[in-house]
Amino acid sequence: MLYVDGMNGVINHNETIQWLYTLIGSKFRLVVKTALKLLLVFVEYTESNAPLLIQAVSTVDEKRGAKPWSNIMEILEEKDGVDTELLVYAMTLVNKVCLLC
Numbered sequence: 000m001l002y003v004d005g006m007n008g009v010i011n012h013n014e015t016i017q018w019l020y021t022l023i024g025s026k027f028r029l030v031v032k033t034a035l036k037l038l039l040v041f042v043e044y045t046e047s048n049a050p051l052l053i054q055a056v057s058t059v060d061e062k063r064g065a066k067p068w069s070n071i072m073e074i075l076e077e078k079d080g081v082d083t084e085l086l087v088y089a090m091t092l093v094n095k096v097c098l099l100c
């Protein structure tokens, strides 16, 4: 169930999306999985959210001096203890953003 007021609050507060993207870089799998799921819900909520996610990713990675989408790429490049759910969520997020932009 989605609460429209809550989602509108997230849409209007890009720092929240930046924080969720930052959590994707966590060493804790459950945190990463939850952040990916929440970002998927955010992107699927309305098409205009995809550019907001791209903006958040650019802001976070620019501040870190990293390439865009580096947190997602680290998940996709991981070779030890591969969690297939993380791979699926990461690729789904990338595909959704690419399709909507």
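In terms of numbering that gives the first Met the number 0, the sequence shown has 66 at position 67, counting the first letter as 1, and numbering is strictly consecutive. Glycine residues also receive a C-beta, built at the ideal position from the N, C-alpha and C atoms.
Counted within 10 angstroms of its Cβ, other Cβ atoms place residue i as buried (16 or more) or exposed
i	result
TRP68	buried
VAL30	exposed
LEU52	buried
LYS95	buried
LEU86	exposed
MET0	Confidence in MET0 is poor, its pLDDT being 47 and thus under 50, which makes the residue's placement unreliable; the coordinate value appears in the next sentence. Exposed, since its Cβ has fewer than 16 Cβ neighbours within 10 Å.
LEU98	exposed
LEU38	buried
LEU75	exposed
Contact under 7 Å by Cβ, residue i with residue j
i	j	result
ALA49	VAL42	yes
GLY5	ASN70	no
7 Å Cβ cutoff, residue i in contact with chain C
i	result
ALA34	The structure shown contains no chain C; it is built from a single protein chain.
Heavy atom of the ligand PLP within 6 Å of residue i beta-carbon
i	result
VAL93	Questions concerning the ligand PLP fall outside what the structure shown contains, since it holds no ligand whatsoever.
The alpha helix (DSSP H) enclosing residue i, as first and last residue numbers
i	result
TRP18	13-22
SER69	69-76
ALA49	48-63
PHE27	From DSSP, PHE27 is part of no alpha helix (DSSP H); its letter is neither H nor E.
LYS95	83-99
Assess contact between the stretch 1-21 and the stretch 53-66, defined as three or more Cβ pairs (one per stretch) separated by less than 8 Å. Is contact present? yes
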